[in-house]
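Data block below; observations after.
Numbering (my numbering), first residue to last: 10 to 223.
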């Protein structure tokens, strides 16, 4: 394969990974130290449901509030995770508007923020899941390590077994690794939890994933 084709493929995987990390970045397992961190996470999550025209402003405000929280207390793991969340979703929008290469400059910052969050709170399950997904999805050129990523996802599930999103992430990673039976078991548990929560879109998406694992 031509070197430029390899580079383009790696870039596609990086930006796809950023989207997945941002989707995992909910951060509601820890109590934020500051109101700014709490607001930043809320803005990041609200962006998923907002009209496309409003998302950029929401994420810019969310990132600003997250950065304020980090400046006020650099030891606040949730604040660093809020930076990661808003940054990841902003990078997704930048990719859509400006192309793949426009996102790569901030990749290192996204990695740094998730690493700081975990250094401050090693049992932060949402951060573990996001870092695990990152390691699985990134090519080795950018620091990817699928086995290490799977270990982090397993640890996240062990810490927070009732989070269906983390279980579903693990199920997809296990399926890709050839662990079909365990993947199906985790997806089935995720579906059961979602059905109890009754979010129709999540139930439908999980059923689709579960069907694809068989």
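Where is the CB? At the ideal position from N, CA and C, for every residue including glycine. All figures in this text were calculated on a predicted structure; none of them were measured in a lab.
In this structure, residue 75 lies near residue 95, with their beta-carbon atoms less than 8 Å apart. Short of 6 Å from the beta carbon of residue 141, and not among the five residues preceding or following it, lie these beta carbons of its own chain, in chain order: 158, 161, 162. When DSSP states are grouped into helix, strand and coil, residue 97 belongs to the helix group. Three or more beta-carbon pairs separated by less than 8 Å link the segment 165 to 182 to the segment 194 to 209, which places the two stretches in contact. A residue is called buried once 16 or more other Cβ atoms fall within 10 Å of its Cβ, and residue 146 is buried on that count. Rounded to whole angstroms, the separation of the alpha carbons of residue 70 and residue 166 is 31 Å. The DSSP-derived three-state label of residue 148 is coil. A straight line joining the alpha-carbon of residue 187 with that of residue 193 spans about 11 Å.
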